[in-house]
Amino acid sequence: MPELPEVETIRRDLSRLIIGARIVDVIVSLSKFVSPRRLFEQRLVGRRITSLKRYGKLLVFALDGNYALQVHLKMTGQIVLRHKGKVLFGGHPIAGLLEVPNRYTHLTISLSTGDVLYVNDLRQFGYAKLFTTEDSQKIVSRFGIDPLLPSFTFAVFEGLLKKATGRTVKAFLLDQSKMSGLGNIYTDESCFAASIKPTRRAGTLTGAEQKKLYKNIRAILKCAVAKRGTTSSTYERTYTKAGSYTRYLKVYGRAGKPCQRCGRPLSKARVSGRGTVYCFYCQA
Ligand SMILES: [Zn+2]
């Protein structure tokens with residue numbers, strides 16, 4: 079699932095190429111993927127893309143004429159931009175895919191620059207929703223704080239924890255209305271780095287543990303953004319370098335493998351409905 083670092087990587091890559099471009103054609107191949115289903119294409123065609131912003135894991139394409147297109151990739155979404163015969167890829171890789179459009183392409187947007195933007199989604203949990211600028215702002219204002227913003231201070235984090243004392247650390251970190259952008263990968267990595275079991279109740283964390291968790295969330299996200307996240311492309315010819323954070327993963331995807339600190343096998347548990355990997359011995 080694309081999380082904050084992966085979505086931020088897509089945003090940066092796309093921004094260089096699509097800002098200022100006008101939408102000249104729109105094809106919706108799966109009507110339930112878009113909203114509103116009626117007039118979606120008509121309202122988009124002719125609009126100019128004025129900016130591309132990220133709120134947690136949500137991408138918002140600001141358009142002239144007071145519109146905003148919100149795209150969420152959820153579990154298996156990906157965005158591909160065809161640019162001069164090559165593609166620029168971001169999001170969840172789908173094995174065996176070499177070309178766009180393909181059977182998972184639900185939305186195709188052609189731009190005045192000649193580039194074409196494809197939104198693909200294997201499991202169809204993602205969406206593309208068109209709103210007025212005002213309605214779009216109302217929606218993103220309900221999102222939790224972005225942990226990469228300078229305004230996300232330790233005092234803010236401490237305040238959020240105080241309101242979540244009975245919840246597991248994992249559930250708290252995944253709650254997008256508290257902090258937005260963390261998913262399964264970076265919650266497990268942050269908990270390991272802070273030596274805290276994701277199954278702990280938030281209220282049991284000591285002051286030192288809270289600080290350690292806060293620092294590690296920031297450090298891990300910053301590093302992951304710098305490494306272009308944890309992604310790889312399955313497309314044949316791409317401009318984009320794959321995300322190299324995979325090399326830095328200590329627990330995610332490593333259940334049963336030796337802990338890099340103590341050498342004992344990493345445990346796997348289900349916490350708030352998500353597969354969770356941690357070291358029983360190194361994490362208190
Ligand atoms: Zn260990």
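Using the numbering used here, the letters of the sequence shown correspond one by one to residues 79 to 362. Glycine included, each C-beta is placed from N, C-alpha and C at the ideal position.
When DSSP reads this structure, residue 198 sits in a beta bridge with 156 and 183.
With respect to the 8 Å criterion, residue 234 and residue 86 are not classified as neighbours on the basis of their beta carbons.
Approximately 4 Å separates the beta-carbon atoms of residue 185 and residue 197; this is inside 8 Å, confirming the contact.
Restricted to the stretch 86-167, the beta strand (DSSP E) segments that are unbroken, complete and at least 3 residues in length are 101-106, 127-133, 136-141, 145-150 and 155-161, listed in chain order. Assignment of residue 353 by DSSP, reduced to helix, strand and coil, places it in the strand class.
Look at residue 359: its beta carbon is less than 7 Å from one of the heavy atoms in ligand 1. Here the stretch 317-327 does not lie against the stretch 286-294, with fewer than 3 beta-carbon pairs under 8 Å apart.
For residue 317, the three-state secondary structure derived from DSSP is coil. In the DSSP secondary-structure assignment, residue 205 is bridged to 150.
In terms of Cα proximity to residue 338, the closest of 313, 267 and 124 is 267.
A distance of 8 Å or more separates the beta carbons of residue 249 and residue 129. In this structure, the beta-carbon distance from residue 100 to residue 125 falls below 8 Å. Three or more beta-carbon pairs separated by less than 8 Å link the stretch 130-145 to the stretch 256-264, which places the two stretches in contact. With respect to the C-alpha of residue 80, the residue from 119, 168 and 111 having the closest C-alpha is 168.
Under DSSP, residue 279 takes part in a beta bridge, and its partners are 246. Distances taken from the Cβ of residue 337 to the heavy atoms of ligand 1 include one shorter than 7 Å.
For residue 173, the secondary structure class from DSSP, reduced to helix, strand or coil, is coil. Distances taken from the Cβ of residue 340 to the heavy atoms of ligand 1 include one shorter than 7 Å. Residue 265 is positioned such that its CB atom lies no closer than 8 Å to that of residue 283. The distance from the Cβ of residue 297 to that of residue 242 is about 22 Å, inconsistent with a contact at the 8 Å cut-off.
Membership of residue 254 in any alpha helix (DSSP H) is not indicated, and neither H nor E is assigned to it by DSSP.
DSSP places residue 264 in the uninterrupted alpha helix (DSSP H) bounded by 262-271. Non-local C-beta neighbours of residue 121 in its own chain, meaning closer than 7 Å and more than five positions away in sequence, comprise 145 and 208, ordered along the chain. In this structure, the CA atom of residue 272 is about 20 Å from the CA atom of residue 334. At the C-beta level, residue 222 and residue 83 stay beyond 8 Å of one another.
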